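Below is one structure, written out as structure tokens, with a few remarks after it.
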Amino acid sequence: MDLHREEFKKVQEASHWIKSSMPFIPKASIILGTGMSSWLDELNIIEEFKIKDVPHMVPPTVETHQGRICFTMINEVPTIILAGRLHYYEGHPMSVVVRPVRILYTLGARHLLLTNASGGLNPEFESGDIVAIRDHINLVTEHPLRGPNDDRWGPRFPDMKYAYDPDWLAYAKEKGESLGINIKSGVYAGLPGPSLETPAEYQYLYRIGADLVGMSTVPEVITARHLGMKVLALSIVTNVCYPPERIKVTTVEDVIGMVEKKAIAVGNLIQEVVSYIK
Numbered sequence: 279m280d281l282h283r284e285e286f287k288k289v290q291e292a293s294h295w296i297k298s299s300m301p302f303i304p305k306a307s308i309i310l311g312t313g314m315s316s317w318l319d320e321l322n323i324i325e326e327f328k329i330k331d332v333p334h335m336v337p338p339t340v341e342t343h344q345g346r347i348c349f350t351m352i353n354e355v356p357t358i359i360l361a362g363r364l365h366y367y368e369g370h371p372m373s374v375v376v377r378p379v380r381i382l383y384t385l386g387a388r389h390l391l392l393t394n395a396s397g398g399l400n401p402e403f404e405s406g407d408i409v410a411i412r413d414h415i416n417l418v419t420e421h422p423l424r425g426p427n428d429d430r431w432g433p434r435f436p437d438m439k440y441a442y443d444p445d446w447l448a449y450a451k452e453k454g455e456s457l458g459i460n461i462k463s464g465v466y467a468g469l470p471g472p473s474l475e476t477p478a479e480y481q482y483l484y485r486i487g488a489d490l491v492g493m494s495t496v497p498e499v500i501t502a503r504h505l506g507m508k509v510l511a512l513s514i515v516t517n518v519c520y521p522p523e524r525i526k527v528t529t530v531e532d533v534i535g536m537v538e539k540k541a542i543a544v545g546n547l548i549q550e551v552v553s554y555i556k
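If you read the sequence shown in the numbering used here, its first letter stands for residue 279, the second for the next number, and so on.
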């Protein structure tokens with residue numbers, strides 16, 4: 279059996295396992311990034327599974343990524359949430375990294391909202407800013423659609439002009455304003471990680487048009503768009519990376535700490551923007 283047929287089979291089997299116990303067919307799907315899992319405590323969780331218990335799903339190893347699958351209603355929208363994601367730098371094949379997106383689609387979700395932590399390259403960005411990603415630059419070394427195309431998931435050459443749904447993004451900015459949150463927008467550069475970038479790399483990324491830099495999201499977004507899903511991505515700026523004189527040594531603890539400070543605000547925003555799907 280070729281690898282792509284095998285991958286399709288794994289997605290179907292994982293989805294069948296979840297479907298056997300899930301309380302509803304989700305319309306919205308959310309993948310929570312670093313530091314955001316605490317927001318789940320604010321929600322009424324109807325059903326929950328551990329990622330490690332689902333066939334062919336791999337639990338994340340990164341700190342604060344809890345490895346939970348939660349079902350909840352957000353503003354009357356049936357929603358599935360993955361508390362934690364896989365990163366390419368964890369050593370998995372790219373097909374494994376993006377498998378959760380294909381599972382979410384197979385379960386019924388047609389909208390995907392992602393959160394992440396990022397370094398800020400735009401000189402107007404500050405630590406703690408919430409940024410809606412409007413476009414990305416893919417610098418991850420392996421493309422999630424590399425190899426023979428599986429037409430059951432999408433076309434060979436999916437268009438990426440609207441990788442991030444502009445109407446949903448505009449809706450998010452409106453909802454942010456109503457909550458007193460200034461939602462900025464920017465271009466996200468996705469790198470493989472796990473090392474943070476050098477000052478020279480930050481300068482290069484800024485010069486090619488990036489406002490943010492991080493180690494996730496881009497493969498998931500490409501996969502979601504291949505499937506025809508609409509995407510919104512919210513990024514929390516955890517450290518300032520440009521200009522060079524503003525760069526400080528950054529630790530994982532710094533990143534997690536900043537996201538945790540903003541988790542409730544981002545969670546409140548998520549609850550509002552999910553209503554776009556009604």
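Beta carbons: idealized from backbone N, C-alpha and C, even for Gly. Computed from a predicted structure; not experimentally measured.
Handout entry: Three CB pairs or more closer than 8 angstroms across the region 465–477 and the region 360–379
Key = yes
Exercise for the section: Identify whether Met-351 lies in helix, strand or coil by the three-state DSSP scheme. Expected result: strand
Exercise for the section: Taking only the alpha-carbon atoms, compute the straight-line gap between Thr-342 and Ile-303 and give it to the nearest angstrom. Expected result: 27 angstroms
Problem - Straight-line Cα distance separating Leu-390 from Tyr-554 - result: 12 angstroms
Problem - As assigned by DSSP and simplified to three states, the class of Thr-357 - result: strand
Exercise for the section: Spell out a yes or no on whether the region 293–302 and the region 476–489 are touching, meaning 3 or more CB-CB pairs, one atom from each, closer than 8 angstroms. Expected result: no
Problem - Contacts around Gly-506, its chain only, beta-carbon distance under 7 angstroms, and the 5 residues preceding and following it disregarded - result: Gly-432
Exercise for the section: State yes or no: is the C-beta of Lys-451 nearer than 7 angstroms to some heavy atom of the ligand PLP? Expected result: With respect to small molecules bound, the structure shown includes none, and the ligand PLP cannot be examined in it.
Practice task
State the DSSP-derived secondary structure class of Lys-297, mapped to helix, strand or coil.
Solution key: helix
Handout entry: Proximal residues to Glu-285 (C-beta, below 6 angstroms), its chain only, five neighbours per side dropped
Key = Ser-373
Problem - Asn-427 (DSSP reduced to helix, strand or coil) - result: coil
Handout entry: Nearest-angstrom Cβ-Cβ length linking Ala-387 and Ala-306, presumed shorter than 8 angstroms
Key = 6 angstroms
Practice task
Using the Cα positions of Ile-548 and Arg-283, report the straight-line distance between them to the nearest angstrom.
Solution key: 35 angstroms
Handout entry: beta strand (DSSP E) segment containing Asn-416, residue limits
Key = 408–416
Exercise for the section: Please say whether Thr-495 and Leu-417 have beta carbons closer to each other than 8 angstroms? Expected result: no
Handout entry: For Val-465 and Tyr-442, the rounded distance between their alpha carbons
Key = 11 angstroms
Handout entry: Start and end residues, beta strand (DSSP E) containing Asn-394
Key = 389–398
Exercise for the section: Tell me whether the beta-carbon of Leu-474 lies closer than 8 angstroms to the beta-carbon of Gly-398. Expected result: no
Exercise for the section: Look at the alpha carbon of Asp-319 and the alpha carbon of Ala-488, and state the distance between them as a whole number of angstroms. Expected result: 34 angstroms
Handout entry: Separation of His-504 from Ile-408, as counted between CA atoms
Key = 26 angstroms
Handout entry: Beta-carbon proximity check, Val-240 vs Thr-384, cutoff 8 angstroms
Key = The chain is shown only over 279 to 556; residue 240 falls outside these bounds and no answer can be derived.
Practice task
Counting only the same chain and skipping the five closest in sequence on each side, list residues whose C-beta sits under 6 angstroms from that of Trp-295.
Solution key: Val-332 and Pro-333
Practice task
Drop a sphere of 10 angstroms on the beta-carbon of Val-527, count the other beta-carbons inside from all chains shown, and report buried for 16 or more, exposed for fewer.
Solution key: exposed
Problem - N- and C-terminal bounds of the beta strand (DSSP E) containing Lys-462 - result: 462–468
Handout entry: Boundaries of the beta strand (DSSP E) in which Glu-452 is found, first to last residue
Key = No beta strand (DSSP E) contains Glu-452, which is instead part of the alpha helix (DSSP H) from 444–456.
Problem - Leu-505: first and last residue of the uninterrupted alpha helix (DSSP H) it sits in - result: 496–505
Exercise for the section: Would you kindly check if the distance between the Cβ of Glu-404 and the Cβ of Val-518 is under 8 angstroms? Expected result: yes
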